[in-house]
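Enquirer: Following our numbering, the numbering of the first sequence begins with 6 at its first residue and continues without gaps.
Positions of the beta carbon are idealized from the N, C-alpha and C atoms, including for glycine.
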Amino acid sequence: MPKELAKVYKPSEFEKDVYQMWLDRKYFHAEPDSSKKPFTIVIPPPNVTGQLHMGHALDETLQDILIRYKRMQGYNALWIPGTDHAGIATQIKVEQVLREEEGLSRYDLGREKFLERVWDWKTHYGDRIVNQLKKLGSSCDWDRERFTMDEGCSKAVKEVFVNLYNKGLIYRGNRIINWCPKCVTALSDAEVEYSEDEGFFWHIRYPVKDSENEFVEIATTRPETMLGDSAVAVNPNDARYTHLVGKTLILPLVDREIPVVADDYVDMGFGTGCVKITPCHDPNDFEVGKRHNLEEILVLDDNAKVNENGGKYVGLDRYEAREKIVRDLDAGGYLVKVVPHSHNVGKCYRCGTTVEPIASKQWFVKMKPLAKRAIEAVKTKETEFVPDRFQKIYLNWMENVRDWCISRQLWWGHRIPAYYCGDCSHMEISKTDVDTCPKCGSKNITQEEDVLDTWFSSALWPFSTLGWPEKTKELEYFYPTSVLVTGYDIIFFWVARMMFSGLEHTGHAPFKHVLIHGLVRDSQGRKMSKSLGNGIDPLEIIDKYGADALRFTLATGNAPGNDMRFHTERVEASRNFANKVWNAARFILMYAQSEDHADYKVDMSALEDEDKWIIHGCNRLAREVTENLDKFEIGMALQKLYDFIYDSFCDWYIELVKPRLYEGGDTAQKALSVLVTVFSSVLRMLHPFMPFITEEIWQAMPVEGESVMIAPYPAFDSSISFESECEKMNDIMETITAIRNRRAEMNVPMSKKAKLFIDSHSAHGFRDSEKFYEKLAGASEVVFGKCKEDGAVEIITHAANLYIPFAELVNLDEERARLTKELDKAKSELARVKGKLANEGFVSKAPAALIEAERGKLAKYETLVETITKSLENL
RNA sequence: GAAGGCGUAGCUCAGCUGGUUAGAGUACCUGCUUGACAUGCAGGGGGUCGGUGGUUCAAGUCCACUCGUCUUCACCA
Numbered sequence: 006m007p008k009e010l011a012k013v014y015k016p017s018e019f020e021k022d023v024y025q026m027w028l029d030r031k032y033f034h035a036e037p038d039s040s041k042k043p044f045t046i047v048i049p050p051p052n053v054t055g056q057l058h059m060g061h062a063l064d065e066t067l068q069d070i071l072i073r074y075k076r077m078q079g080y081n082a083l084w085i086p087g088t089d090h091a092g093i094a095t096q097i098k099v100e101q102v103l104r105e106e107e108g109l110s111r112y113d114l115g116r117e118k119f120l121e122r123v124w125d126w127k128t129h130y131g132d133r134i135v136n137q138l139k140k141l142g143s144s145c146d147w148d149r150e151r152f153t154m155d156e157g158c159s160k161a162v163k164e165v166f167v168n169l170y171n172k173g174l175i176y177r178g179n180r181i182i183n184w185c186p187k188c189v190t191a192l193s194d195a196e197v198e199y200s201e202d203e204g205f206f207w208h209i210r211y212p213v214k215d216s217e218n219e220f221v222e223i224a225t226t227r228p229e230t231m232l233g234d235s236a237v238a239v240n241p242n243d244a245r246y247t248h249l250v251g252k253t254l255i256l257p258l259v260d261r262e263i264p265v266v267a268d269d270y271v272d273m274g275f276g277t278g279c280v281k282i283t284p285c286h287d288p289n290d291f292e293v294g295k296r297h298n299l300e301e302i303l304v305l306d307d308n309a310k311v312n313e314n315g316g317k318y319v320g321l322d323r324y325e326a327r328e329k330i331v332r333d334l335d336a337g338g339y340l341v342k343v344v345p346h347s348h349n350v351g352k353c354y355r356c357g358t359t360v361e362p363i364a365s366k367q368w369f370v371k372m373k374p375l376a377k378r379a380i381e382a383v384k385t386k387e388t389e390f391v392p393d394r395f396q397k398i399y400l401n402w403m404e405n406v407r408d409w410c411i412s413r414q415l416w417w418g419h420r421i422p423a424y425y426c427g428d429c430s431h432m433e434i435s436k437t438d439v440d441t442c443p444k445c446g447s448k449n450i451t452q453e454e455d456v457l458d459t460w461f462s463s464a465l466w467p468f469s470t471l472g473w474p475e476k477t478k479e480l481e482y483f484y485p486t487s488v489l490v491t492g493y494d495i496i497f498f499w500v501a502r503m504m505f506s507g508l509e510h511t512g513h514a515p516f517k518h519v520l521i522h523g524l525v526r527d528s529q530g531r532k533m534s535k536s537l538g539n540g541i542d543p544l545e546i547i548d549k550y551g552a553d554a555l556r557f558t559l560a561t562g563n564a565p566g567n568d569m570r571f572h573t574e575r576v577e578a579s580r581n582f583a584n585k586v587w588n589a590a591r592f593i594l595m596y597a598q599s600e601d602h603a604d605y606k607v608d609m610s611a612l613e614d615e616d617k618w619i620i621h622g623c624n625r626l627a628r629e630v631t632e633n634l635d636k637f638e639i640g641m642a643l644q645k646l647y648d649f650i651y652d653s654f655c656d657w658y659i660e661l662v663k664p665r666l667y668e669g670g671d672t673a674q675k676a677l678s679v680l681v682t683v684f685s686s687v688l689r690m691l692h693p694f695m696p697f698i699t700e701e702i703w704q705a706m707p708v709e710g711e712s713v714m715i716a717p718y719p720a721f722d723s724s725i726s727f728e729s730e731c732e733k734m735n736d737i738m739e740t741i742t743a744i745r746n747r748r749a750e751m752n753v754p755m756s757k758k759a760k761l762f763i764d765s766h767s768a769h770g771f772r773d774s775e776k777f778y779e780k781l782a783g784a785s786e787v788v789f790g791k792c793k794e795d796g797a798v799e800i801i802t803h804a805a806n807l808y809i810p811f812a813e814l815v816n817l818d819e820e821r822a823r824l825t826k827e828l829d830k831a832k833s834e835l836a837r838v839k840g841k842l843a844n845e846g847f848v849s850k851a852p853a854a855l856i857e858a859e860r861g862k863l864a865k866y867e868t869l870v871e872t873i874t875k876s877l878e879n880l
């Protein structure tokens, strides 16, 4: 029993049921099947405790469009959903709640108890985002939902860690890393964001030892780090300072003796040409320190307070220490000047705190060898970026990448599988738990406290979700995946790391294409953010306008890879389009009473011109839409669908066919067969973009197949070619438009029945379309008049939007003025076309079809000028 | 410092490998409560496609320079 369509389009009343039906029928589930080609997408896993925002909505919409399209095309389409444990973000959130509600810190609870709390949190909020994804219509295979910390993913993480370690690609070392004193953890380079801050250059002079009134002047933006200075460096070619190299300086306030060293790193032209070297608090200084064997003095602790190496400044926060040190330097006569200076300061991407470069013992992934293959894979087009400009960004990063700091001083995450023997200090790296030292047999074993960067597990997502390291049939069949859809903001965080991980561990790039989209901004172009409070909740939009309208909005209106501004007005427009589709369906259903789709099979041999025209247009649309989608031009494909449905199908075809439907009988049945058939194609083409409404309508239409989402996607049929009929129809439509314009000009009111005398030049389209008039004339209550001697035609029609006006009295002066204006216009067009055809270059070099078209126009304008001239004379 | 995006109608933006008279949505104006749809219908005004120069028979589209704007990456203490 087919569904009845409600009178008014209210998406909230059926979207949920439609989704449930898909779930019940298991349409989303995919199993390896060698008879079909796979098409695989893995979802960029949202934060498990996160909430759906517009960025997700865009990302999921694009993926769902592709996956539904390919599924309908007969691919074995699999979309793997899942969530990410999001180390820092989640831990911070749970700590915050713990502090607010119970006044406790994670240390109060201890590691084990705290992690229990996080898991509780995860189970409580873990379904929220998944349910939100469902509201969007995402056709993910929920049977295969994964989590970056589930058993399988954890196994993959350990496997990868051990593999890389054994290959020498993971090492533990003391290096300068970015330290966030608020999150109390190390960060990778990618996790630091830079912004310009107003600061100062403090010029300080360091006295030369055993030398009266001899100083070296240095400049620094972070005077507090002088506590950890172990040298001053100058350029070896700097004549100003060569005499100082090898001498000893006295570090003010600290009274430590430090050497002057020569190093190429120093830029002679910058500042004073002398650089204080603080190996433990600056990456460059660290390198200089290594080269010159300098002492490494760490002066800040984990909270960025001065530690025991800071003498009398111990315990002071870094900024308090700065203030006090500057004051003391000034008092001691060491401060030469203070110069305002703006410079880039690194901030933690999670909390915004200024990060501190600190020498610390951390775990690293050696990037150079891994990056090499990741670069090759893109250069050889094993993986392609869409749009391709993002390839450049990727390559640029990959080519300059530094080793990846993967250890985090957090509790929530994959604990590093390194085990230390308390007795023989042996370190064992192992996929399985270690409780006995393999070297000395001691049971005094402790596991590494640190966890891995969240992105370490995300990097494995395309294959860990398919069962790797097991050789599952899913991995065999669905991997490498087809396309990865994500925003340009995580190319470094995620895409790059998946690339080298996939290549290293599976031997394949993890995906064929990377479809990059932009950010969704607010209507003023600002980033949507919690702190600005300018975020628009996709769920509210869905409740009000429907998921289809939101999807339509997100999928159109901006070029691939560009940011888009979100305007609610655009969602309204999208909803109105959905309403249009809905009502077109209701109109067809008013006349299509049979429930048997076989009753609407089109007989190609017995069609009217307008039937052929719409069938031809629909067929061409199928070709263009598939071409666009195959090139990931999603917005373009949808725009074409919109134009066809709104303009060709609703505004023209339905109106043209109304007289036939009113008449009934054979001609009506023929029209209905075309209406149903074309509309069925349209629904299928539109389905990936607007799944809910197309399904709801499908269920009510006499069409073949139990669901639109498993119906075949329309393919181009090269045997359909109605060029001449289309040309004729174009003429007819042009004339009808001209008639409409006449009515408006003459200010003739519309009425149900109307009558018009068309002057001869307006009627030129009609003259070739005798049949069309007969059709109109065949409708009930329609009066049809033949061409009168003066060239006028009298027409009456019922078609609502083809109202043709009644006008018997024409003001001769006005008519003359109008015709003169039209004649001028026609003449100038004629001149333009003539000029073009007289151009030798054009005639010899332009494509033949184009020249042919121009010749056609020439003839057309020549006749037009002729007929208008005649009409004028007849007045 | 390097790379890249953007600049097209009042506003938000499309415009693929150069090719009919540069489009859409929205806003505005005019006229329509017609038997799918006022979440609608018909029509209209509004653009020298940031500027200059070049290539070409042909440039919004390609090239050079330039102005404005935004972003990313790298940064010298």
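Which one of E150, D818 and I620 has the shortest CA to CA distance from F33?
Expert: The shortest Cα separation from F33 among E150, D818 and I620 belongs to E150.
Enquirer: Is the beta carbon of G87 sitting closer than 8 Å to the one on W417?
Expert: Not a contact, by the Cβ cut-off of 8 Å.
Enquirer: Got a sec? Which residues, its chain only, sit under 7 Å from V319 by beta carbon, not counting five neighbours each side?
Expert: Once the five neighbours on either side are set aside, the close Cβ partners of V319 are V311, N312 and E313.
Enquirer: Okay, do the stretch 685 to 701 and the stretch 575 to 594 touch, 3+ Cβ pairs below 8 Å being the bar?
Expert: Yes, they touch.
Enquirer: At the level of alpha carbons, what is the spacing between S876 and E615?
Expert: Taking the straight line joining both Cα atoms gives about 30 Å.
Enquirer: In angstroms with no decimal places, state the Cα-to-Cα distance between E794 and T872.
Expert: Interpretation of E794 is limited by its pLDDT of 32, a score under 50 that renders its predicted location unreliable; the figure taken from the coordinates is listed afterwards. Their Cα atoms are separated by approximately 14 Å.
Enquirer: When you compare each of A244, A62, P664 and E325 to I134 by their alpha carbons, which one comes out closest?
Expert: Measuring from the Cα of I134, the nearest candidate turns out to be A62.
Enquirer: At the level of alpha carbons, what is the spacing between K436 and R111?
Expert: One C-alpha to the other measures close to 28 Å.
Enquirer: If you follow the alpha helix (DSSP H) that I223 is part of, which residue opens it and which one closes it?
Expert: No alpha helix (DSSP H) contains I223, which is instead part of the beta strand (DSSP E) from F220 to T225.
Enquirer: Using a Cβ-Cβ cut-off of 8 Å (strictly less than) and excluding sequence neighbours within five positions of F220, which residues of its own chain qualify?
Expert: So the qualifying residues of the chain are R210, Y211, P212 and V213.
Enquirer: Fully enclosed by the stretch 625 to 664, which alpha helix (DSSP H) runs are 4 residues long or longer?
Expert: Counting only runs of 4 or more, we get 639 to 648.
Enquirer: Expressed to the nearest angstrom, what Euclidean distance is found between the alpha-carbon atoms of K12 and D601?
Expert: Answer to the nearest angstrom: the Cα atoms are 22 Å apart.
Enquirer: Would DSSP call W473 helix, strand or coil?
Expert: In the structure shown, W473 sits in coil (DSSP, three-state: anything other than H, G, I, E or B).
Enquirer: Rounded to the nearest angstrom, what separates E300 and K317 at their Cα positions?
Expert: If I take the Cα positions, the gap works out to 20 Å.
Enquirer: Shortest alpha-carbon distance to S143 belongs to which of T672, E325 and I70?
Expert: It is I70 whose Cα lies nearest to the Cα of S143.
Enquirer: For P284, which residues of its own chain have a beta-carbon under 8 Å away from its beta-carbon, when the five flanking residues on both sides are left out?
Expert: Within the same chain, P284 has close Cβ partners G233, S235, D290, F291, V293, G294, K295, L299, E300, E301, I302 and A364.
Enquirer: Among all the DSSP beta bridges, which residues are the ones paired with M432?
Expert: Answer by DSSP bridge pairing, in chain order: Y425.
Enquirer: Any chance you could list the beta strand (DSSP E) runs of at least 3 consecutive residues sitting entirely within the stretch 27 to 55, in chain order?
Expert: DSSP runs (the beta strand (DSSP E)) wholly in the stretch 27 to 55: 43 to 47.
Enquirer: Since L692 contacts M59 with CB under 8 Å, what's their CB separation in whole angstroms?
Expert: The sequence shown places His at residue 692, not Leu. About 23 Å separates the two Cβ atoms, so there is no contact after all.
Enquirer: Grab me the residues of C429's own chain with a C-beta within less than 7 Å of its C-beta, minus the 5 sequence neighbours each way, in chain order.
Expert: Once the five neighbours on either side are set aside, the close Cβ partners of C429 are C442, K444, C445 and S447.
Enquirer: Quick one: Cα of G861 to Cα of F592, how far?
Expert: Straight-line Cα distance between these residues: approximately 38 Å.
Enquirer: When the Cα atoms are used, what is the spatial distance from G710 to T388?
Expert: Their Cα atoms are separated by approximately 36 Å.
Enquirer: Judging by CA-CA distance, which residue of G538, R556, S536 and A854 is the nearest neighbour of L544?
Expert: Comparing Cα-Cα distances from L544 to each of G538, R556, S536 and A854, the minimum goes to R556.
Enquirer: One question on the structure: do L390 and A195 come within less than 8 Å of each other, judged by their Cβ atoms?
Expert: It is worth fixing the name first, because residue 390 is Phe in this sequence and not Leu. No; because the gap between Cβ atoms is not below 8 Å, this pair is not in contact.
Enquirer: From the DSSP output, in three-state form, read off M5 for me.
Expert: Any answer about residue 5 is impossible in this case: the structure gives the chain only from 6 up to 880.
Enquirer: Just checking my contact of V360 with L169 at CB under 8 Å: how many whole Å lie between their CB atoms?
Expert: About 26 Å separates the two Cβ atoms, so there is no contact after all.
Enquirer: DSSP three-state call for L83: helix, strand or coil?
Expert: In the structure shown, L83 sits in a strand (DSSP, three-state: E or B).
Enquirer: Taking DSSP as the reference, what is the three-state secondary structure of C353?
Expert: If DSSP states are grouped into helix, strand and coil, C353 belongs with the strands.
Enquirer: Of the choices Y493, F152 and E857, whose alpha-carbon is the least far from that of V525?
Expert: For V525, the nearest C-alpha among the options comes from Y493.
Enquirer: Counting beta carbon pairs with one atom in the stretch 467 to 480 and one in the stretch 332 to 343, are three or more of them shorter than 8 Å?
Expert: No contact exists between the stretch 332 to 343 and the stretch 467 to 480.
Enquirer: According to the Cβ coordinates, are L666 and K645 closer than 8 Å?
Expert: No, they are not a contact pair.
Enquirer: List the residues that DSSP assigns as beta-bridge partners of S412.
Expert: DSSP lists L457 as partners of S412.
Enquirer: In three-state DSSP terms, what is F694?
Expert: F694 falls in the coil class under three-state DSSP.
Enquirer: Taking C-alpha atoms, which residue in L321, R378 and T874 lies nearest to S506?
Expert: It is R378.
Enquirer: Can you tell me where the beta strand (DSSP E) holding E404 begins and where it ends?
Expert: Looking at the DSSP string, E404 is not in any beta strand (DSSP E); the run it does join, the alpha helix (DSSP H), is R394 to E404.
Enquirer: Under three-state DSSP, which class holds L824?
Expert: Helix.
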